[in-house]
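Residue numbers (this note's numbering): 736 to 1258. Think of the CB as a built atom: it goes at the ideal place given N, C-alpha and C, for glycine as much as any other residue. From a predicted model like this one, the values you see are computed outputs, not experimental measurements. Report on the following structure.
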């Protein structure tokens, strides 16, 4: 993709430049009082009309810089297609934008302006080709001629802002043209390039020295277009007012957060409270848009801006930890002072911590023992026996202080060697329904360790009976009514309660509409 074939011819460009040069030579004279006043008035007027982003007056000379952002039509598309070998670019780019980088007019007012001499200027732009910029330069020269000695800068700005697209016949989709030879074309002293592949050797193309396509590379141009469009959209968003659907207050955009995927907008104060509670509760996988049934997720940058550095550090740590927990090939170093995530080799039982170099068995979490069997069963039994001995010791000490010592001894004699499974269930139910004093007495009678083991066993039995495991992260989940489309609160995945298939995040209900599915019409 190269220079536009519709550029100026050498003859027309040279005649215009020659005419302007002759006028400058004919009217070399000291600045008159009228010209000085006209220049000062015009510069003051521009400074009062336009913002500092649009007009910057020079501090060293009568001149300045004008930045003109065009008003693009809705859904305006720009594209770069094919290849440009000089910029080492291969491939294509296309995007819908609301803003394009500005056309920049740098000017200096000569002593004879506006009575006799036009402003000296250069015109630069990243997305207009040198030939298109040359056409605009010629049009600015023509406007100077039409104003016949009057001030012309405001007219130039109005034309560039409102007339550029129509004058250059630019419509959507607009294919950006990048000169193959870059600066070589612009620096050609003759003003003519006979190498532009878009026009062929039969037609010479004029390059106005005042026209500059300021492009380092096509890749840099693409980045510039996208970054500028995003920055301008943010600037427009920050200046408007929006209604927050949580607190129902109107807030300026700079105090709101915009979810780009769903276009929902909420004020920062409400989102901060909402996300703070979730992060403190460890629900880092579900920092979604607060809109009901909306699947948009806040970006890490948005979360950090809302909750601050300290809470974001907790969010970042928990998010990494929860992500690692979902990975079957990741475990943590067993050393309590390390706890570094360790990647496992497929099918292996040895893990080596990259932080402390501790080699351990992934089954028993002890020092790696090679082909020898794990001692986990024996060690666990010894540990449980020690816990029971400690409980019995504490139990005996408590009995000495208990006023109902005789009653306790009688109960123990009754229960000796008859602590059947049925009796265990009855004691467990009595313990769960008892108050603090009752629980303490039962712990004295039967041993705290035995009762807690019974309670733990009941919890395990309840989980096995009343819950199912999430097919994505294996978390225990209980169906509490509703349809068969379930959401895991740990990993935030949708799945089917009937067949335990993980469902599409975008369209989870399609699973129940698929005729070939065994769950068709069973939502």
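Practice task
Using alpha carbons as the reference points, say which of 970, 1166, 843 lies closest to residue 794.
Solution key: For the purposes of this step, residue 794 is taken as the residue at position 59 of the chain shown. When only C-alpha atoms are compared, the closest one is 843.
Handout entry: Cross-strand partners of residue 838 (DSSP beta bridge)
Key = Mapped onto the chain shown, residue 838 falls at position 103. Answer is 803.
Exercise for the section: Would you check if the distance between the CB atom of residue 689 and the CB atom of residue 1001 is smaller than 8 Å? Expected result: The shown model of the chain, from 736 to 1258, leaves out residue 689, and the question about it has no answer.
Exercise for the section: Would you tell me roughly how many angstroms separate the C-alpha atoms of residue 1068 and residue 1074, rounded to the nearest one? Expected result: The sequence position of residue 1068 within the chain shown is 333, counting from 1. The sequence position of residue 1074 within the chain shown is 339, counting from 1. Taking the straight line joining both Cα atoms gives about 5 Å.
Exercise for the section: For my contact list, residue 956 and residue 895 are in at a C-beta cut-off of 8 Å; report their separation, rounded to the angstrom. Expected result: Here residue 956 corresponds to residue number 221 of the chain shown, with the count starting at 1. Here residue 895 corresponds to residue number 160 of the chain shown, with the count starting at 1. 20 Å between Cβ atoms; not a contact.
Handout entry: Pairwise C-alpha distance: residue 1043 and residue 1014
Key = Along the chain shown, read from residue 1 onward, the residue named residue 1014 stands at position 279. Along the chain shown, read from residue 1 onward, the residue named residue 1043 stands at position 308. Taking the straight line joining both Cα atoms gives about 12 Å.
Problem - Given residue 848 as reference, the closest of 944, 768, 974, 1103 once Cα atoms are compared - result: Start at 1 with the first residue of the chain shown, and residue 848 comes out as number 113. Nearest C-alpha to residue 848: 768.
Practice task
Give a yes or no on whether the C-beta atoms belonging to residue 1041 and residue 1007 are separated by under 8 Å.
Solution key: Mapped onto the chain shown, residue 1041 falls at position 306. Mapped onto the chain shown, residue 1007 falls at position 272. A contact, by the Cβ cut-off of 8 Å.
Exercise for the section: Check whether the segment 862-877 touches the segment 941-955, counting contact only when three or more Cβ pairs, one atom from each stretch, lie closer than 8 Å. Expected result: yes
Exercise for the section: Please name the residue, chosen from 884, 954, 853, that lies closest to residue 827 on a Cα-to-Cα basis. Expected result: Residue mapping note: residue 827 aligns to position 92 of the chain shown, counting from 1. Checked all of 884, 954, 853; the closest Cα to residue 827 is 954.
Practice task
Confirm, please, whether the CB-CB distance from residue 782 to residue 790 is below 8 Å.
Solution key: Reading the chain shown from its first residue, position 55 is the one you call residue 790. Reading the chain shown from its first residue, position 47 is the one you call residue 782. Cβ atoms of residue 790 and residue 782: closer than 8 Å.
Practice task
Could you tell me which residues DSSP pairs with residue 814 in its beta bridges?
Solution key: On the chain shown, position 79 is the one that residue 814 refers to. Per DSSP, 829, 910.
Practice task
Counting only runs of 4+ residues fully inside the segment 947-1009, write out the alpha helix (DSSP H) ranges in chain order.
Solution key: 953-974
Practice task
Give every residue of the same chain whose Cβ lies closer than 6 Å to the Cβ of residue 1071, excluding the five residues on either side of it in the sequence, and list them in chain order.
Solution key: Locating residue 1071 in the chain shown gives position 336, counting from the first residue. The answer is none, since no qualifying residue turns up.
Practice task
Please list, in chain order, all residues of the same chain as residue 982 whose beta carbon is under 8 Å from its beta carbon, the five residues on each side excluded.
Solution key: The residue given as residue 982 occupies position 247 in the chain shown. Cβ neighbours of residue 982 beyond the five flanking positions: 1002, 1004, 1005.
Practice task
Count the CB pairs spanning the segment 1027-1042 and the segment 985-999 that are closer than 8 Å, and state whether there are at least three.
Solution key: yes
Exercise for the section: Determine, using beta carbons only, whether residue 1103 and residue 1085 come nearer to each other than 8 Å. Expected result: Indexing the chain shown from 1 puts residue 1103 at position 368. Indexing the chain shown from 1 puts residue 1085 at position 350. For residue 1103 and residue 1085, yes; Cβs fall inside 8 Å.
Exercise for the section: Go to residue 894, then tell me how far its alpha helix (DSSP H) extends in each direction, as first and last residue. Expected result: Taking the first residue of the chain shown as position 1, residue 894 is located at position 159. Residues 888-902.
Handout entry: Whole alpha helix (DSSP H) elements within the segment 1021-1100, 4-residue minimum
Key = 1035-1042, 1044-1060
Practice task
Compare the C-alpha of residue 910 against each of 863, 1093, 1168 and name the closest.
Solution key: One-based indexing of the chain shown puts residue 910 at position 175. Looking at the Cα atoms, 863 is the closest of the given residues.
Exercise for the section: Determine the closest residue to residue 1012 out of 811, 861, 997, 1046, with distance taken between C-alpha atoms. Expected result: Working through the chain shown from its first residue, we reach residue 1012 at position 277. Per the Cα distances, 1046.
Exercise for the section: Assuming residue 979 contacts residue 999 (C-beta within less than 8 Å), just tell me the rounded distance between them. Expected result: Counting from 1 along the chain shown, the entry for residue 979 is found at position 244. Counting from 1 along the chain shown, the entry for residue 999 is found at position 264. 10 Å between Cβ atoms; not a contact.
Practice task
Measuring alpha carbon to alpha carbon, tell me which of 834, 1251, 884, 1206 ends up nearest residue 1223.
Solution key: Start at 1 with the first residue of the chain shown, and residue 1223 comes out as number 488. Answer by Cα proximity: 1206.
Practice task
May I ask you to report which of helix, strand or coil DSSP gives residue 851?
Solution key: Position 116 of the chain shown, counting from 1, holds the residue named residue 851. Correct three-state label for residue 851: coil.
Handout entry: DSSP three-state assignment for residue 771, whether helix, strand or coil
Key = The residue you call residue 771 lines up with position 36 of the chain shown. Residue state, collapsed to three classes: helix.
Problem - Residues that DSSP places opposite residue 1204 in a beta bridge - result: Locating residue 1204 in the chain shown gives position 469, counting from the first residue. The partner list for residue 1204 (beta bridge, DSSP) reads 1211.
Problem - Delimiting residues of the alpha helix (DSSP H) encompassing residue 872 - result: The residue you call residue 872 lines up with position 137 of the chain shown. Per DSSP, residue 872 belongs to the alpha helix (DSSP H) from 865-882.
Practice task
Determine the burial state of residue 904: buried for a count of at least 16 other Cβ atoms within 10 Å of its Cβ, exposed for fewer.
Solution key: Position 169 of the chain shown, counted from the first residue, corresponds to residue 904. Exposed.
Problem - Of the residues 837, 1168, 784, 1209, the one placed nearest residue 899, counting alpha carbons only - result: As a working mapping, residue 899 is identified with position 164 in the chain shown. That would be 837, whose Cα lies nearest to the Cα of residue 899.
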